[in-house]
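Engineer: In our numbering, the protein residues as written are 44 to 359.
Glycine residues also receive a C-beta, built at the ideal position from the N, C-alpha and C atoms.
Everything numeric in this text was worked out from a predicted model, so none of it was measured.
Please see the structure below; I have some questions.
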């Protein structure tokens, strides 16, 4: 498998959902806590991308193996379309998982043992998202197990591996006893700071499921769209988009984010246009991208504002 083919296989265009939250977590740590650890950040960045690659690879492989028709295999799945060896895909999956766990163990050693169960839970979600007797993606749970781990989970870990003065969460052992300690107020702040990304990433999965409803049913994939209906799913798409802007006010007015973050709100007009386009037509090739554009508009402006705030603080 060539590099370009591998990048198409893991759908590199969609990896912003793991890359941008890492950047948000790092920038928030620099802004709010005034700390940064380059090595930990690089290790976690690579681990997060590897796990995202693994999830996509398993998804593509399982979809190929369980496809209801040869047409789907040959035309809609990259394994059949580009004649990629299934055994090679399995080898790549194992290699990426092993590298993920090695990097994770290094980070556990450099931070705290509590990161170990967090990393294991993340890997279980990634693997079982499309693999196993009851894959998450084939149930009405895809949005729940994509937005929170990619939104809150990645941002939390990015902050955790950078914030070393006083651990946000720590697991310690002494003889036969253990103690779990944490700063609940800091964790609450991180939760609300990350909530817009949680909703908008969930919305990307929801938009994909809405567009793929007919195809998913043919392939025995019964997502939340199948259970609540297409009309209510579109309403949920609207609520998640606008809800991200409403809930973003909480961390700003609580002082967890600077007031300059209010400049994110002009992007709501762009997001509103994307919502209208999706409401009018739900086609994978044409309007699925609206959910991606809404996420990118919100998140990229937020990142830019963090750069402004951090740069101003350094220059002052």
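1. Between the stretch 97-110 and the stretch 163-175, do three or more beta carbon pairs fall short of 8 Å?
2. Cα separation between residue 250 and residue 216?
3. Apart from the five residues on each side of it in sequence, which residues of its chain come closer than 7 Å, Cβ to Cβ, to residue 153?
4. Comparing C-alpha positions only, which one of 318, 311, 350 and 356 sits nearest to residue 340?
5. Under the three-state reduction of DSSP, which class applies to residue 102: helix, strand or coil?
6. Which residue or residues does DSSP assign as beta-bridge partners of residue 225?
7. For a test of the three-state rule: what should DSSP assign to residue 220, helix, strand or coil?
8. Would residue 325 be called buried (16 or more neighbouring beta carbons within 10 Å of its own) or exposed?
9. How many whole angstroms separate the CB atoms of residue 72 and residue 202, which I take to be in contact at a CB cut-off of 8 Å?
10. Give a yes or no on whether the C-beta atoms belonging to residue 197 and residue 294 are separated by under 8 Å.
11. For residue 304, is the classification buried or exposed, using 16 other Cβ atoms within 10 angstroms of its Cβ as the cut-off for buried?
12. Could you tell me if residue 356 is buried or exposed, where buried requires 16 or more neighbouring beta carbons within 10 angstroms of its beta carbon?
13. Here's the rule: buried if 16 or more other CB atoms are within 10 angstroms of the residue's CB, otherwise exposed. What is residue 53?
14. From residue 243 to residue 190, what does the alpha carbon distance come to, in whole angstroms?
15. How should residue 158 be labelled, buried or exposed, when 16 other C-beta atoms within 10 angstroms of its C-beta is the threshold for buried?
16. What residue range is occupied by the uninterrupted alpha helix (DSSP H) comprising residue 339?
17. Check whether the stretch 276-293 and the stretch 210-226 touch, using three or more Cβ-Cβ pairs below 8 Å as the test.
18. Can you grab the Cα-Cα spacing for the pair residue 264 / residue 299, in whole Å?
19. Should residue 185 go down as buried or exposed, given a rule of 16 or more other Cβ atoms within 10 Å for buried?
20. Expressed to the nearest angstrom, what Euclidean distance is found between the alpha-carbon atoms of residue 220 and residue 160?
21. What residue ranges within the stretch 273-325 form continuous alpha helix (DSSP H) runs of no fewer than 4 residues, ordered along the chain?
22. In chain order, what residues of the same chain lie with their CB nearer than 8 Å to the CB of residue 320, ignoring the 5 residues before and after it?
23. Please state the DSSP three-state secondary structure of residue 328.
24. Distance, Cα to Cα, residue 318 vs residue 134?
25. Given residue 288, which residues of its chain have a CB within under 7 Å of its CB, disregarding the five upstream and five downstream residues?
Structural biologist: In short, the structure shows the following:
1. yes
2. Start at 1 with the first residue of the chain shown, and residue 250 comes out as number 207. Start at 1 with the first residue of the chain shown, and residue 216 comes out as number 173. Distance between the alpha carbons of residue 250 and residue 216 is about 44 Å.
3. In the chain shown, the residue the question calls residue 153 occupies position 110. Same-chain partners within the cutoff: 83.
4. Within the chain shown, residue 340 is the residue found at index 297, counting from 1. That would be 311, whose Cα lies nearest to the Cα of residue 340.
5. Position 59 of the chain shown, counted from the first residue, corresponds to residue 102. Of the three classes helix, strand and coil, the one that applies to residue 102 here is helix, per DSSP.
6. The count along the chain shown starts at 1 and reaches residue 225 at position 182. 212, per the DSSP bridge assignment.
7. Start at 1 with the first residue of the chain shown, and residue 220 comes out as number 177. Strand, per DSSP.
8. Working through the chain shown from its first residue, we reach residue 325 at position 282. It counts as buried.
9. Along the chain shown, read from residue 1 onward, the residue named residue 72 stands at position 29. Along the chain shown, read from residue 1 onward, the residue named residue 202 stands at position 159. Yes, they are in contact, since the Cβ atoms of residue 72 and residue 202 sit about 5 Å apart, within 8 Å.
10. The count along the chain shown starts at 1 and reaches residue 197 at position 154. The count along the chain shown starts at 1 and reaches residue 294 at position 251. For residue 197 and residue 294, no; Cβs fall outside 8 Å.
11. Taking the first residue of the chain shown as position 1, residue 304 is located at position 261. It is buried - the Cβ of residue 304 has at least 16 other Cβ atoms within 10 Å.
12. As a first step, residue 356 is located in the chain shown; it is residue number 313 there, counting from the start. So residue 356 ends up on the exposed side.
13. Numbered from its first residue, the chain shown carries residue 53 at position 10. Under this definition residue 53 is a buried residue.
14. As a working mapping, residue 243 is identified with position 200 in the chain shown. As a working mapping, residue 190 is identified with position 147 in the chain shown. Their backbone Cα atoms lie some 7 Å apart in a straight line.
15. Walking along the chain shown from the start, residue 158 turns up at place 115. Residue 158 should be labelled buried.
16. By one-based count along the chain shown, residue 339 stands at place 296. 332-358 is the span of the alpha helix (DSSP H), which, as asked, contains residue 339.
17. no
18. On the chain shown, position 221 is the one that residue 264 refers to. On the chain shown, position 256 is the one that residue 299 refers to. Going from the Cα of residue 264 to the Cα of residue 299 covers about 40 Å.
19. In the chain shown, counting from the first residue as 1, residue 185 sits at position 142. Buried is the call here.
20. As a position in the chain shown, residue 220 is number 177, starting the count at 1. As a position in the chain shown, residue 160 is number 117, starting the count at 1. Computed Cα separation, rounded: 17 Å.
21. 273-290, 292-296 and 310-323
22. Against the chain shown, residue 320 aligns to sequence position 277. The residues are 330 and 333.
23. To locate residue 328, count along the chain shown from 1; it is residue 285. It is coil, neither helix nor strand.
24. On the chain shown, position 275 is the one that residue 318 refers to. On the chain shown, position 91 is the one that residue 134 refers to. Each residue's alpha carbon lies about 40 Å from the other.
25. Here residue 288 is taken as the residue at index 245 of the chain shown, counted from 1. Around residue 288: 308 and 311.
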